[in-house]
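Asks:
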Amino acid sequence: MLPSIIFPVIFYFLLIPITKSNTNSLTSIVIQVNGDCKILADRIAQEHGYRYVRQIFDGFCEIEEDPASHNYRRHRRATGQNTDPVEILRYHEKVAWAEKQTPKIRRKREFEFQDPEWNNMWYMMRHLNTPSLPDLNITGAWKMGYTGRGRVVTFLDDGLEFDHPDLKENYDHEASTDINGNDDDPTPRYEPTNENKHGTRCAGEVSAKPNNQVCGVGIAYHARVGGVRMLDGDVTDSVEARSISHRPDHVEIYSASWGPDDNGFVVDGPGVLATKAFENGILNGRDGKGSIFVWASGNGGRSGDSCSCDGYINSIYTIAISSTTETGRIPWYLEECSGTLATAYSSGSPSDKDREIITTDLHHGCTSHHTGTSAAAPLAAAIYALALEANPSLTWRDIMYLTVLSSRAYAIPSNTQIVQNAAGFNVSSRYGFGLMDAGLMTWYASGWKNVPTMSTCETMIMNPNITIGSNSNKMFSVDVTECKNSNDAKRQVNYIEQVQIFITLTTTNRGQAEIFLYSPSNTKTQILPRRNNDHNEQGFANWPFLTVQLWGENPHGKWNLQINTGGGSAVLMSWKLVIHGTRDNPISPRVLKETNSSPCHVECKSDKPCGETDTSCAECRHYTQPLADGKFRCVGICPEGTYPTEVDNLCLPCHSQCGSCRNASENSCIGCKPGFYLRSDTMTCIEFCPDKYYTDQKLRKCIRCKADCASCDTNSYICTSCPDGYALKDTDCVKSPETCDPSEYFDFTTNHCRWCDKRCSTCSGPQSYQCKSCDKTSKFPNLQYHTCVSSCSPGFYLSQADSQCLACHDTCLNCTSSNESSCLSCKLGYVYLPDSHRCEKYSGKPYYIDSNTGETRDCHSSCTQCKGPKETDCIACNIVTEVLLNDGHCVNDCPDGFYINESITNEIDTNICMPCSIGCKKCNKENQCSECDGSKGYHFQGGYCVPTCPLKTFQLNTRCESCQYPCETCTNLTSCLTCSGKLYLFNDQCVEKCPNGYYLKDKQCFKCNPLCDTCSGPSEDDCQSCAIGFIFNDKQKKCLSTCPNGNFFDKDDKLCKLCTDNCLECLYPGSYCRQCSYPMSLNESSHQCLSCCTTNVTTNDCCQCPSIWTGLCLHPLSLSSIHSSVWWLQSPIQKVRDRFSELDHRRQTAVMIFLLLTILICGVYLIVTTIYKFKSKFTHFLPTRSQPDDNREYVLLNNLDDYDAEDDDEINNESVSNATTTSII
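Every position in the sequence shown, counted from 1, becomes a number in our numbering once 39 is added.
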């Protein structure tokens, strides 16, 4: 064993130097010789300790070091003496040139974008780093040059933030409209919860702009996108129809991530108008090629829902997209059905740590948490945009065929229910035909020939009207001959695409029914799984189930329909099949387009004269941008500041104030140039936002305040002032109960008008920052953010028209307007350009300007920007590792009560410490507190830090307000805890006297016992007068019922009525029992009669049980003297137990310790006694004994020193006598 271990270890360590030496590459040199490499170069190599390797070209030969050569040592000696071996070779008479070969850094020209989230977009590019992990193979399509140019995708959703920096360049206003608002502006409605973010997120998945250092990259980043705002309001059949049919002549792909409720019991689909809109899009959309409708399959998996009951998925005109997680698991929200065509990636369960989809978000933001099939469907829409660029002639059915052919069923690990149909396609109800592959789809598309015209045949309607009992199944059959024998070619189907099964089925429990369809090739499809939440008794009324799982099969022959009823029964009233497909084979051998070998730029029309640059084209493939010199440039999309014309695809300049636009007019802006704000409702760019608009500095937009606001400075839904006749209550404007003077405001806490602050002329509240206007004759005539000031602060300029201080451009310290070219001086970190009056960001070594000399001086080494030489003069710190304190220090972390604000502004690139919310000691963000400041009396409540308010105050949000008279203490303005003076607390109010039925204690009114009308305390014995139906008994001093036992007095009818069962005496029916009938027991707390003897527990008033449970207990009322007649209830052991249970805890502990000590002492005594007896037994053994054990004899020696030969006889005699009494073992 040992050698077998030692040998491998020795062998391993012997191998180490060999392996190590082999890892050092040998020097390689290429020489040029005038002759044959194999002869001449080989001889030269051997002379210098090299060996010949190969010929590169004629006369160029590669040689390398040869450690086995006898000249190799001389070569190494030359190297050790700093002599270049190459120089030695160059001096050889036969060598014309020599060069040592050194490794060079060469990188694969893969896709590298500058967008911050690009490397996290795992679903697009992770196979580039880990080939074993699948993704959507987007880069495969990109490598072929397809990025969605010229394609148009629109999202039927809750709106689109079209001026998002990642979307505005690809925004298509013709593909957009607002159904909810009845205008053309798809901007989502902004509100506090950002509920209307869905459409903006979906659009970013398709066409987020690359390399703009914003968020991520769209799959089809050159495609145009639009938004149809239709979900932010009542969704009717008309709304759906108008959305689905929006500009089918212009829009190519419609993406929708909505449908009926995913609750597991709804069966619903498109109405008459929406169905007509689908048909119109298929017939007329895309010049007759058919609109592409992409639909999310649903998120009702957790509710046991199935997309078989979703009429939008069952439509033959839609493409149903399912989803899988990053690791290929089944998402918790996934719905299974036979209508699912393919799968894209989306989110998983947080516990599995699967990543989610990255995309654009509201407020020009970015999110990495787009989830559900809502995120999967736009990914599919983007892939279809790539396919349409590869082949714009594809029809809506071509797209479906390409999806079936290019999807990968085995790329999803959880796709364990794959069925291979008779045509050889692998498919499942979870994932359709599998994970989409953009590279493979565009490859197929580039050489695809259109499939033949669709044919449709249908069977006659079968009316079996057969009842199927519960927990049984029934098979129904039909022979399909119509598809083969029809004289009409449009009804001949030999290759199946989709099969619809129209079923009318009545059920007693719809969710228990399962339906299966068997094709003539015996391929089994589950067209309806069980839905345990669906208990509907109506069943299905001519419901169109759909399956795509028989794609490519032959329809001729016998079809079987199997119905399993589960726990309910059902009646199949009628059913029929409608089979869609083609008469001729739809899949032709792939015809590759002829490869253009000319050196044309990608944006040039390849059939026209062209060159290698975008300015050397005769005609453009997509858009033409005129240049100043009279020439033009060909571009894939029009650059910023221009718009595309519809007729000749020219990129013409926008209005002078527009950064991006729809046309050249001033009210068609989509984004604005620096220094301007976009007013969304008029689509104009203005220098500053008007009244009733919120100025969003980040989005550079004017967002209209909510309807009741006169102004809103911090958000569009938070009012800061109100119109006349209204007053500010918290953040809302509420109609004033009374009209106040202009210099007053209405205070809702006191319900009176109060004076404004002395600086304000008019105001909306008591503070100096709540002014609505200023007194132009006072010391503070100018209004700056609702504060009256004497002069504008740095960063603001005075608008003479209305005496307001308006904000300069972000880079300006002083200015004449908000335009970036109107600066007079710059903020710190910027350099002033006098010629253009602009401020440019300074990127050199940190410096400050010495105010005495005007010279530049270096900042302290800890600062990245500063205002002086000290370490406390920093105004910016290392953006990665440090944060700026208020005192100018750069530190690694913020002190208590502050958090790191990681957002970087145009003003200064630095992290700063921002204060936590009031009372918070530690926080991650302003309203994400992790620890409250207990030293200042704050504590956690409802996720916030709230004050521990002093006496006579109450907590209102995060402040303490004084209680109002007559409350001494209170919980709010109207609810008292204690009362002032001689008043008493009754139902949170202060009263002068307790009403009847209540008694006074500790200045509070408490309710009397139900028997009492007036009382002095809470019990029955405290009654001073009796309630109706009771009479006071002077002898017992109690109120007794006037009704007989088992009855109560009904106060409404003035009659005695029976109590509920088991109640002998009650106050109300079933709600207040005072005595129970045998064998029930009264629960004192609930006053209900409960069953006795439900367990083997003895209770004084209910059960008497034996000490050894026999299953029998006796109610104490069942025997007159149970203690004397039932002997086992008074057994000695039971008496001891009862006595012990009556002791207090201290005495019980003492008894247990005494018993344990007693047991321990007894145990020790028994052990010692046993050992002693055992030892005594062996002291009487014979002095000698012998036993046969390896021929040796053992002698028991009592005392070696006293033993001699004379004692032999004595010993032998003693041994004999002992042998008669003890046997030696």
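We put the beta carbon where it would ideally sit given N, CA and C, even for glycine.
Because the structure is a prediction, the values reported are computed rather than measured.
Is N233 close to the ligand NAD? I mean its beta-carbon at under 7 Å from any heavy atom of the ligand.
Replies: No copy of the ligand NAD occurs in the structure displayed, which carries no ligand at all.
Asks: Spatial neighbours of Y1233 within its chain, please: C-beta separation below 6 Å, excluding the five flanking residues on both sides.
Replies: A caution first: Y1233 carries a pLDDT of 37, below 50, which makes its placement in the model unreliable, though a value can still be read off. Cβ within range, chain order: n/a, list empty.
Asks: What three-state label does DSSP hand D1061 in the structure shown?
Replies: Three-state DSSP puts D1061 in a helix.
Asks: By how many angstroms is the C-alpha of Y483 removed from the C-alpha of L441?
Replies: Each residue's Cα considered, the two are about 7 Å apart.
Asks: Restricting to runs no shorter than 3 residues, where is the beta strand (DSSP E) found entirely within the region 324 to 374?
Replies: You should have 331 to 335 and 357 to 363.
Asks: Name, in chain order, the residues that DSSP records as bridge partners for P491.
Replies: Beta-bridge pairing links P491 to no other residue.
Asks: Could you give the first and the last residue of the continuous beta strand (DSSP E) run that contains M514?
Replies: Counting along the chain, the beta strand (DSSP E) containing M514 begins and ends at N512 to V519.
Asks: My assumption, with CB atoms under 8 Å, is that I369 sits in contact with R469. Please give the rounded CB distance.
Replies: I369 to R469, Cβ: 7 Å. Contact.
Asks: Any idea what DSSP makes of K207, helix, strand or coil?
Replies: Here K207 sits in helix by DSSP.
Asks: On the premise that P559 lies in contact with N593, defined as a C-beta separation below 8 Å, what is that separation, rounded to the nearest angstrom?
Replies: Correct: roughly 7 Å between the Cβ atoms.
Asks: To the nearest angstrom, report how far apart I951 and N465 are at their CA atoms.
Replies: If you take the alpha carbons of I951 and N465, they lie about 56 Å apart.
Asks: Restricting to runs no shorter than 3 residues, where is the beta strand (DSSP E) found entirely within the region 679 to 743?
Replies: Runs of the beta strand (DSSP E) inside the region 679 to 743: 681 to 683, 690 to 692, 697 to 700, 708 to 711, 716 to 718, 723 to 725, 732 to 735 and 740 to 743.
Asks: May I have the straight-line CA-CA distance separating S755 from P762, to the nearest angstrom?
Replies: The alpha-carbon atoms of S755 and P762 are separated by roughly 15 Å.
Asks: Please go through the same chain and pick out, in chain order, the residues whose beta-carbon is closer than 6 Å to the beta-carbon of R263, but skip the five residues on each side of it.
Replies: Within the same chain, R263 has close Cβ partners V191, N209 and D211.
Asks: With H, G and I counted as helix, E and B as strand and the rest as coil, what does DSSP make of K563?
Replies: Note: K563 maps to strand in three-state DSSP.
Asks: Whole angstroms is fine: what's the gap from L1097's alpha carbon to F1087's?
Replies: If I take the Cα positions, the gap works out to 6 Å.
Asks: I need the boundaries of the alpha helix (DSSP H) containing Q398, first residue and last residue.
Replies: The sequence given here has Thr at residue 398, not Gln. Run containing T398: none in the alpha helix (DSSP H); it sits in the beta strand (DSSP E), I396 to D400.
Asks: Would you call D105 buried or exposed, if buried means 16 or more other Cβ atoms sit within 10 Å of its Cβ?
Replies: Buried.
Asks: Starting from R268, trace the beta strand (DSSP E) both ways and give me its first and last residue.
Replies: Note, R268: beta strand (DSSP E), R263 to R268.
Asks: Considering A107, what are the terminal residues of the beta strand (DSSP E) in which it resides?
Replies: That residue, A107, is in no beta strand (DSSP E); it is neither H nor E in DSSP.
Asks: Let me know the secondary structure DSSP gives P10 once reduced to three states.
Replies: Since the first residue of the chain shown is 40 and the last is 1264, residue 10 is not available in this structure.
Asks: Any idea what DSSP makes of M163, helix, strand or coil?
Replies: In this structure, M163 counts as helix in the three-state DSSP scheme.
Asks: Between the C-alpha atoms of L1106 and S1055, what's the straight-line distance to the nearest angstrom?
Replies: Roughly 20 Å between the two C-alpha positions.
Asks: With burial defined as no fewer than 16 other Cβ atoms inside 10 Å of the residue's Cβ, what is the status of C1201: buried or exposed?
Replies: By the 10 Å Cβ count, C1201 comes out exposed.
Asks: Nearest CA to the CA of H694: which residue from E685, G680 and P287?
Replies: Measuring from the Cα of H694, the nearest candidate turns out to be G680.
Asks: Please determine, among V245, G265 and G255, the residue with the shortest C-alpha to C-alpha distance to T226.
Replies: Among V245, G265 and G255, the Cα nearest to that of T226 belongs to G265.
Asks: Identify, in the order they occur along the chain, each residue of the same chain with its Cβ nearer than 8 Å to the Cβ of N581, setting aside the five sequence neighbours on each side.
Replies: Answer for N581: F541, I542, T543 and S613, listed in chain order.
Asks: In chain order, what residues of the same chain lie with their CB nearer than 6 Å to the CB of N502, ignoring the 5 residues before and after it?
Replies: Here the set comprises S613.
Asks: On the DSSP letters alone, give me the boundaries of the alpha helix (DSSP H) that S413 sits inside.
Replies: Note, S413: alpha helix (DSSP H), T412 to A429.
Asks: Using the beta-carbon count (16 or more within 10 Å), is K124 buried or exposed?
Replies: The residue you asked about is not Lys; residue 124 is Pro in the sequence shown. P124 is buried by the Cβ-count criterion.
Asks: Return the first residue and the last residue of the alpha helix (DSSP H) that C241 is part of.
Replies: Element bounds for C241: H237 to S246.
Asks: On the three-pair Cβ rule with 8 Å, is the region 420 to 439 touching the region 455 to 463?
Replies: No, because fewer than three Cβ pairs between the region 420 to 439 and the region 455 to 463 fall closer than 8 Å, the two stretches do not touch.
Asks: Per DSSP, which one or two residues make a beta bridge with I888?
Replies: T895.
Asks: Rounded to the nearest angstrom, how far is the Cβ of R325 from that of W161, given a contact under 8 Å?
Replies: Not really, about 33 Å apart at Cβ, beyond 8 Å.
Asks: C496 to N250, Cα distance in whole Å?
Replies: Rounded to the nearest angstrom, the two C-alpha atoms are 51 Å apart.
Asks: Tell me the rounded alpha-carbon separation between D1265 and T992.
Replies: Since the first residue of the chain shown is 40 and the last is 1264, residue 1265 is not available in this structure.
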